[in-house]
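S.K.: Just dropping this structure here.
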Amino acid sequence: MPWDMASDRTQRFHICKAKQVVDAALGETAPQDTEKLWISLVQSKVAAQQTSDEAIDFKLADALAECYKNAGHWGSRRQILSIIADKIDFKTLQNWLPGLTRYRFKIARHNRILHGRGSVVSTVSSRRMNVSPKQLDHFLDFITSAHIVQDLPFGEKTLKLSTKEEIAVPNVIRTLIPERIVQQYNAFCCESGFVPMTRSTLIAILNVCSASTRNSLQGLDYFTAQGAKAFEDLEGVVEEIGEKCGKGSLRVKEKKEQLKSAKRYLKDWAMKYLPRKFRESQTDWFAKRGIPWHIAVALRRGTDSQMEMMTFVHIFDSCNQDSRTVLAILNDVFHRLKGVMPQLQSVYLRQDNAGCYHCSLSIVTARQVAEVNGLRLARMDFSDAQGGKGPCKAATIKSHIAVYLNSGHDIETASQMLEAISSFDGVAGVQAMNCSPPTSPLRTSIKWEGVSFISNIQHDEECLRVWKAYKIGPGKLVPYSKFNCSYHLCPAQVTTLSK
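For the working numbering, add 157 to where a residue sits in the sequence shown, where the first one is 1.
As structure tokens, this is what we get:
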């Protein structure tokens, strides 16, 4: 009689008899550790293998194996295999699929976890866009025109055609970087009513049609080359003297290192931002006066808790970098911020340790400068020495100026520098102004002993609360009456020449 057709009483009777048989067998095999032997038997792989073999539906496994073999490609096979990969172990599954590898078995299991049992994996189709010859010829004519490329007076390249014919062409350079070429081409197409290709396609064509980009040259004469040649000649003389006069190799090596140090010393020019021409000789390079410019960065937290930044650049043809100029710039920045954000009420200042910032005149007068513009100066903080200038990094602005310079322009005055910053739609988030130095009178000095040791200042109604280190202790109170001056000072102002 089949087990499923037996009554409950009959099943309980045979289960009891089977338990007695198993207990007797375990007692004979391991009389002292019968319970441990039973646990090990239940957990053994042999028992699990026999159990899983009995639980397998052989008809269903044969059907899935047939579907797996009839599948045309690996994607369909992976989909079929993911149905049973987690139900049957690898060795058992190999009985139905002899060519199955462990790698494909694991991939099928991974596919079930990521996409589900038997799910189809969606593939991303990559299509190529057809470019019409008319659009391609139009762009190639533009980038090979005289205002985009220039022929070099030296050098040539050899072009090899599909017919194996070779053509010698002169070397050329581009006057603009690829992004500027695309911008000019789109503007040209807009004016002429021509439909251009997409920006990514234009950039890809420029990358394939490679050409050197023109750079500005300073010191374009033979002094540098002659100087390098002179050092090489001196090194040759030192080696020859060492060989003929019997000088030691260490002495010769020492002299050569001294020559290299002298060469590096001559090349090490520590300069601020200097006026530059697109083409200038060595004689024009020396005896320059730098263009003063000041960078102020305003930061605030927006409504979506994201940091928003605005940069103000004040450029002068000539000015003194003192407290009066700093306060005048601060007054202009506050005025512009209040115009952009009328709801602005309080400001916090963080400055570096330059003398024009970290002095008694700037600290005492900064509060009145804020009140003149309807703002409250909450506190002033000074960064560590040689630090705190991170937001004011001028690398982005300088690279933008370099692109303008490489396009064939000169930058020798503050107005030309402003034009360079504003070129090509300007730098995002940057306002640049060409200013004249302040002319209004301002008290020249206010005595405050120990001001250089102060790092944090909080402006209260009648006094200043200062700290040497941020929030270490309650702070020291310094009344305004200590400075022996009228609080109502007149802040200097800068005159904006052009925007």
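We put the beta carbon where it would ideally sit given N, CA and C, even for glycine. As the structure is a computational prediction, the values presented were derived from the model and not from experiment.
1) Taking residue 295 as the reference, which of 462, 349, 554, 312 has the closest Cα?
2) Please list the terminal residues of the continuous alpha helix (DSSP H) segment that includes residue 556.
3) Which same chain residues end up closer than 8 Å to residue 464 when comparing Cβ atoms and leaving out the 5 residues on each side of it in sequence?
4) Classify residue 337: buried if its beta carbon has 16 or more other beta carbons within 10 angstroms, exposed otherwise.
5) Just mark residue 374 as buried or exposed, buried being the case when its beta carbon has 16 or more other beta carbons within 10 Å.
6) Return the Cβ separation of residue 480 and residue 518 in integer angstroms, given the expectation that the two are a contact with Cβ distance under 8 Å.
7) What are the partner residues of residue 307, as DSSP defines its beta bridges?
8) Taking the DSSP output, what are the residues bridged to residue 539?
9) Tell me residue 587's beta-bridge partners as DSSP assigns them.
10) My understanding is that residue 478 touches residue 513, with C-beta atoms under 8 Å, so please give their C-beta distance in whole angstroms.
11) In terms of alpha-carbon separation, which member of 566, 526, 392, 352 lies closest to residue 435?
12) State the DSSP-derived secondary structure class of residue 232, mapped to helix, strand or coil.
13) Can you say whether residue 354 is buried or exposed, counting buried as having 16 or more other CB atoms within 10 angstroms of its CB?
14) Would you kindly work out how many angstroms separate the C-alpha atoms of residue 555 and residue 431, rounded to a whole number?
15) Run through the DSSP bridge pairs and tell me what residue 620 is partnered with.
16) Please classify residue 568: does DSSP put it in a helix, a strand, or coil?
17) Here's a check: name, in chain order, each residue in its chain whose Cβ is nearer than 7 Å to the Cβ of residue 586, leaving out the five neighbours to either side.
18) In this structure, does DSSP put residue 609 in helix, strand or coil?
19) Whose C-beta lies closer than 8 Å to the C-beta of residue 535 among residues of the same chain, with five residues either side of it excluded?
20) Look at the Cβ atom of residue 306, then the Cβ atom of residue 314, and state whether they are nearer than 9 Å.
21) Are the region 522-533 and the region 483-492 in contact at 8 Å, needing three or more beta carbon pairs?
22) Using alpha carbons as the reference points, say which of 275, 245, 393, 577 lies closest to residue 470.
23) Taking the alpha-carbon positions, what's the residue 409 to residue 389 distance?
24) State buried or exposed for residue 473, treating a residue as buried only when at least 16 other CB atoms are found within 10 Å of its CB.
25) Thinking residue 247 and residue 259 are a contact (beta carbons under 8 Å), I'd like their distance in whole angstroms, please.
26) I'd like the span of the alpha helix (DSSP H) that includes residue 493, first residue to last.
27) Would you tell me roughly how many angstroms separate the C-alpha atoms of residue 569 and residue 453, rounded to the nearest one?
28) Per DSSP, what kind of secondary structure is residue 581 in: helix, strand or coil?
29) At the level of alpha carbons, what is the spacing between residue 482 and residue 613?
30) Buried or exposed: residue 476, going by 16 or more other Cβ atoms within 10 Å of its Cβ?
31) Give me the Cα-Cα distance between residue 188 and residue 195, rounded to the nearest whole angstrom.
32) Find the nearest neighbour of residue 583 within the set 592, 561, 593, 594, judged by alpha-carbon distance.
33) List the DSSP bridge partners of residue 450.
34) Are residue 217 and residue 237 closer than 9 Å when you measure CB to CB?
35) Excluding the 5 residues preceding and the 5 following residue 343 in the sequence, name in chain order all residues of the same chain whose CB lies nearer than 7 Å to its CB.
M.R.: To lay it out plainly:
1) 349
2) 552-563
3) If we look at residue 464 and ignore the five residues flanking it on each side, its Cβ neighbours are 456, 457, 458.
4) buried
5) Residue placement at residue 374 cannot be trusted, given a pLDDT of 47 that sits under 50; what the coordinates show is reported in the next sentence. The residue is exposed, with fewer than 16 neighbouring Cβ atoms inside 10 Å.
6) 4 Å
7) 330
8) 508
9) 468
10) 6 Å
11) 566
12) Of the three classes helix, strand and coil, the one that applies to residue 232 here is helix, per DSSP.
13) buried
14) Distance between the alpha carbons of residue 555 and residue 431: 11 Å.
15) Residue 620 pairs with 636.
16) Correct three-state label for residue 568: strand.
17) 466, 467, 468.
18) helix
19) 503, 504, 505, 615, 616
20) no
21) By the Cβ criterion, the region 522-533 is in contact with the region 483-492, since at least three pairs of Cβ atoms, one from each stretch, lie closer than 8 Å.
22) Nearest option by C-alpha distance: 577.
23) 14 Å
24) buried
25) Yes, residue 247 and residue 259 are in contact; Cβ-Cβ is about 6 Å, under 8 Å.
26) 480-497
27) Spanning the two alpha carbons is a distance of roughly 23 Å.
28) The answer is coil: DSSP assigns residue 581 none of H, G, I, E or B.
29) 22 Å
30) buried
31) 12 Å
32) 561
33) 472
34) No, they are not a contact pair.
35) Excluding residues within five positions, the ones whose Cβ falls inside 7 Å are 353.
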